[in-house]
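Numbering of the sequence shown is given in the numbering used here, commencing with residue 58 and proceeding in unit increments. Contents: one structure, followed by commentary.
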Amino acid sequence: MTLTGRGRLKAPSAAGGARWRLRRRSSDSSPRSRRAAHDLGVHRADVLGPRGGRRGANGLERHVTRVARYHGESRHGADREPDVRRDRRRRHPAHVDEEYAKSDLFHKIAAHGPASTPLTSSAPDALTPRAFGWRVGGLLALGAIATAAVFTLPPIPQDPAYHDFADHRRVLGIPSALNVLSNLPLALVGSIGLAVVARGRGGWERAALLVLFTGLALTGVGSAYYHAAPTTATLFWDRLPMAVAFMAFCALTLGERVSPRAGPWLLAALVMIGVASVVIWRLGETAGAGDLRLYGLVQFLPAVLLPLALVLFPARWLRTSDLLGAIGWYAVAKLCEALDRPIFAVGGIVSGHTLKHLAAATAAAWLLRVVAGSPEPR
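Listed below in structure tokens is the structure:
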């Protein structure tokens, strides 16, 4: 049995040339377990037994443990391999860690057969094609209904009162100083995220993370620029990188949960939609007919679809709790934005919009912690 580059194990059967495949569903956080899983080689006959019947769990454990012990000795080069051992190595060409060989994975293979068992013992059960199709269809239908409902509304221009924030205090000559300076943490976290992701290995996930953290860093800069002189023209430079960051996170989450193969296409399409939503709004404002409907969908529809995707589809390498934590902090940021004046009225120390910037930076830092500790290649 060999592991292909796309994360699938393939093995020839004992008769008929049929193949069974074991799809990897998620990743164990232990590097040792991942290495053993990557190197694992077990023949169908070893799993099913000499006459096609499944081995007992204890027999399978003893068999794989013997292979692990043998490879552990030969890996350290204690003795030269005799011809008999060399023949055995041809049959079991991979190194198998003894600790991994005794894991729950092999008991599950013995009990349920290889075709339905995930590569790691912590992986959730795979969705059936019917269940997967229904869930994808449900997400698409919900998105289509929300989009149709929004575009039945008349065009929504930018409200001039939006630029009138609660806190206008000038500090050290900086107008709206707290609203300006509170963007620095977001710019800092985005820059650190770029440095962390740039050291990782390739893949579409790495590209999505690069776009995401670039958008976050530029959002911090653009938002500070906007709050120093809040107008509709400067607001464009706040919303453009923000839309890019939203769409990159949306593509990363949907690609990770629903379809990794569709991930690169989702990333390109969603980022273009995000950019188009801001450009269309700005051109409309210039012509005296601004329209925020598409930008509103870009900002708020993912807040509904992404939690549903996290619940409906199994994790691959990003845990549900980690992603929900980032989404939760973003929800706190939007709540603080809506309560800008009421929060500032309590003591007059800090406004809701300033807290919004800090909560957004916390969401970005949460995501950075998740990415930095991820066992998957970045």
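Glycine residues also receive a C-beta, built at the ideal position from the N, C-alpha and C atoms.
Hey, residue i and residue j are a contact pair by Cβ (cut 8 Å); roughly how many whole angstroms apart?
i      : j      : result
Thr289 : Gln356 : Contact doesn't hold; Cβ gap of about 17 Å is too wide.
Ala265 : Leu324 : 5 Å
Gly331 : Val361 : That pair is no contact at about 16 Å.
Ala418 : Val268 : 18 Å between Cβ atoms; not a contact.
Measuring straight from C-alpha to C-alpha, what distance separates residue i and residue j?
i      : j      : result
Ala416 : Asn236 : 13 Å
Ala390 : Leu327 : 22 Å
Phe306 : Val254 : 14 Å
Gly320 : Thr310 : 9 Å
Gly385 : Ala420 : 8 Å
Ser248 : Phe270 : 7 Å
Phe303 : Pro359 : 8 Å
Gly409 : Ala388 : 13 Å
Trp374 : Glu313 : 7 Å
Ala223 : Arg426 : 32 Å
Asp30  : Ser233 : The structure shown does not extend to residue 30, since the chain spans only 58 to 435, so no value can be given for it.
Thr291 : Gly347 : 15 Å
Ala167 : Thr377 : Confidence is the limiting factor: at Ala167 the pLDDT is only 43, short of 50, which leaves the residue's position unreliable, though a coordinate-based value still follows. Ala167 and Thr377: Cα-Cα distance of roughly 29 Å.
Asp221 : Phe189 : 47 Å
Ala429 : Ala344 : 45 Å
Ala449 : Leu184 : The question about residue 449 has no answer here: the residues shown for the chain are numbered 58 through 435.
Thr276 : Leu424 : 16 Å
Met299 : Gly404 : 30 Å
Pro211 : Ala252 : 43 Å
Leu412 : Pro186 : 44 Å
Ala333 : Tyr283 : 20 Å
Leu380 : Ala201 : 24 Å
Gly194 : Ala308 : 17 Å
Val335 : Gly272 : 14 Å
Asn240 : Gly260 : 30 Å
Gly257 : Pro242 : 23 Å
Phe401 : Ala281 : 19 Å
Phe208 : Leu349 : 10 Å
Ile406 : Arg263 : 40 Å
Ile231 : Leu340 : 30 Å
Trp322 : Ala395 : 34 Å
Ala366 : Met329 : 21 Å
For residue i, report the span of its alpha helix (DSSP H) as first-last.
i      : result
Asn236 : 234–238
Phe293 : 289–314
Gln215 : Looking at the DSSP string, Gln215 is not in any alpha helix (DSSP H), and its letter there is neither H nor E.
Val427 : 409–429
Trp374 : Neither: Trp374 is in no alpha helix (DSSP H) and is coded neither H nor E.
Asp397 : 397–402
Leu197 : 186–208
Gly331 : 320–343
Phe270 : 261–285
Ala252 : 241–255
Alpha carbons only, please: which of the options is nearest the one belonging to residue i?
i      : options                        : result
Val368 : Glu394, Ala422, Ser408, Arg192 : Arg192
Trp338 : Arg296, Ser316, Arg318         : Arg296
Leu229 : Asp221, Ala223, Leu238         : Leu238
Gly279 : Val268, Phe293, Leu267         : Phe293
Leu197 : Thr185, Val315, Leu251, Ala286 : Val315
Pro364 : Gly430, Gly190, Leu199         : Leu199
Ala206 : Trp261, Leu351, Ser334, Val336 : Leu351
Pro371 : Leu412, Pro317, Gly331         : Pro317
Ala203 : Leu392, Leu349, Val428, Leu354 : Leu354
Ala422 : Ala286, Gly404, Ala383         : Ala383
Ala286 : Arg226, Leu380, Val403         : Arg226
His414 : Cys393, Pro298, Val361         : Cys393
Gly250 : Ala274, Leu210, Pro211, Gly341 : Ala274
Ile213 : Val268, Glu342, Ile406, Ala395 : Glu342
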